[in-house]
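Asker: Okay, handing you the structure first.
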Amino acid sequence: MALQLLMKKRIAIFASGSGSNAQKLMELYKRNPEVEIALVLTNNPDAYVLQRADNFEIPTHIFDRNEFYRTDNIIDLLKNLDIDLIVLAGFLWLIPKKLVSEYPGRIVNIHPAILPKFGGKGMYGDHVHNAVMAAGETEGGITIHYVNENYDEGEYIYQGKYKIEKGDSLEMIKFKGQQLEHQHYPRIIDGLIKKIKK
Ligand code: GAR
47 MALQLLMKKR IAIFASGSGS NAQKLMELYK RNPEVEIALV LTNNPDAYVL
97 QRADNFEIPT HIFDRNEFYR TDNIIDLLKN LDIDLIVLAG FLWLIPKKLV
147 SEYPGRIVNI HPAILPKFGG KGMYGDHVHN AVMAAGETEG GITIHYVNEN
197 YDEGEYIYQG KYKIEKGDSL EMIKFKGQQL EHQHYPRIID GLIKKIKK
């Protein structure tokens, strides 16, 4: 039992909003003997992801800019919990260089577009979907990628696409993108976490 606990892989999720992707991971790893969501962190005290974490009895941590960018508190917290993989699920702040270098190849993000198009600072949520619509794209998609110190620039792990039909509303595009995210993010994260050796 003790050895099993030591060998258990631990994920920390960073999210700023609703957390529907986070929820898919919480469902996947609920009462899982090998993988656990050990902590949900947010910059937004009103984020619905906090409620979702509570529902799954997952501890949470709310931080502000000062704590995130000017202290080592978050890194200490992650190290103390023996976190193996950091998953960004709708997290809107840039990851500080120091955190990236403490977790090389261990931070993953999901973006609601086929990068490198429609990425970069300010490109999140509806901003992305509006830009995709305004550009008259016939395809939308998602990108799952490693995180470096720049917005949306790390190595791609998976890209998926959906068709945009003439007359699709913003809501429809969002829905198609979200379906794709929910289908693939848990699958990709599970593949990555299983490859991590403890
Ligand atoms: C997701 O669509 C994710 O791709 C996007 O935020 C949404 C969060 O939804 N992330 C970005 O735009 C990052 N630049 P959720 O809170 O329901 O998981």
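Residue numbers (this note's numbering): 47 to 244. Glycine is no exception: its CB is placed at the ideal position from the N, C-alpha and C atoms.
#1: Just to confirm, is the Cβ distance from His107 to Asn155 under 8 Å?
#2: From the DSSP output, in three-state form, read off Lys55 for me.
#3: Can at least three beta-carbon pairs, one atom from the region 151-170 and one from the region 217-233, be found at a separation below 8 Å?
#4: State yes or no: is the C-beta of Val146 nearer than 7 Å to some heavy atom of the ligand GAR?
#5: Look at the Cβ atom of Lys70, then the Cβ atom of Ile242, and state whether they are nearer than 8 Å.
#6: Measuring CB atoms only, is the region 131-147 touching the region 104-123, in the sense that at least three cross pairs come out at less than 8 Å?
#7: What are the boundary residues of the beta strand (DSSP E) that includes Leu134?
#8: Over what stretch of residues does the beta strand (DSSP E) that includes Lys209 continue unbroken?
#9: Taking DSSP as the reference, what is the three-state secondary structure of Ile83?
#10: Going by Cα to Cα distance, which pick from Leu51, Tyr197 and Ile153 is closest to Gly166?
#11: Compute every distance between the C-beta of Gln253 and the non-hydrogen atoms of the ligand GAR, then say whether any falls below 7 Å.
#12: Among residues of its own chain, excluding the 5 on either side of His230, which ones have a beta-carbon nearer than 8 Å to its beta-carbon?
#13: Among all the DSSP beta bridges, which residues are the ones paired with His230?
Answerer: Reading from the atomic positions:
#1: Here residue 107 corresponds to residue number 61 of the sequence shown, with the count starting at 1. Here residue 155 corresponds to residue number 109 of the sequence shown, with the count starting at 1. Against a cut-off of 8 Å, the Cβ pair of Asn155 and His107 comes out as no contact.
#2: Here residue 55 is taken as the residue at index 9 of the sequence shown, counted from 1. The answer is strand: DSSP assigns Lys55 an E or B state.
#3: Pairwise C-beta distances place the region 151-170 in contact with the region 217-233, as three or more of them are shorter than 8 Å.
#4: Here the question's residue 146 lines up with position 100 in the sequence shown. No, the beta carbon of Val146 sits no closer than 7 Å to any heavy atom of the ligand GAR.
#5: Within the sequence shown, numbered from 1, the residue matching residue 70 stands at position 24. Within the sequence shown, numbered from 1, the residue matching residue 242 stands at position 196. Their beta carbons are not under 8 Å apart, which means Lys70 does not touch Ile242 by this criterion.
#6: Contact between the region 131-147 and the region 104-123 is present, because at least three Cβ pairs lie under 8 Å.
#7: On the sequence shown, position 88 is the one that residue 134 refers to. Start and end: Leu131 to Leu134.
#8: Residue numbering aside, residue 209 sits at position 163 when the sequence shown is read from its first letter. Unbroken beta strand (DSSP E) run through Lys209: Tyr202 to Lys209.
#9: The sequence position of residue 83 within the sequence shown is 37, counting from 1. Strand at Ile83.
#10: Position 120 of the sequence shown, counted from the start, is the residue given in the question as residue 166. Looking at the Cα atoms, Tyr197 is the closest of the given residues.
#11: This structure cannot settle anything about residue 253, because the visible part of the chain is limited to 47 through 244.
#12: Locating residue 230 in the sequence shown gives position 184, where the first residue counts as 1. So the qualifying residues of the chain are Ile188, Ile190, Tyr204 and Gly206.
#13: Taking the sequence shown and counting its residues from 1, one reaches residue 230 at position 184. Answer by DSSP bridge pairing: none, since His230 is not bridged.
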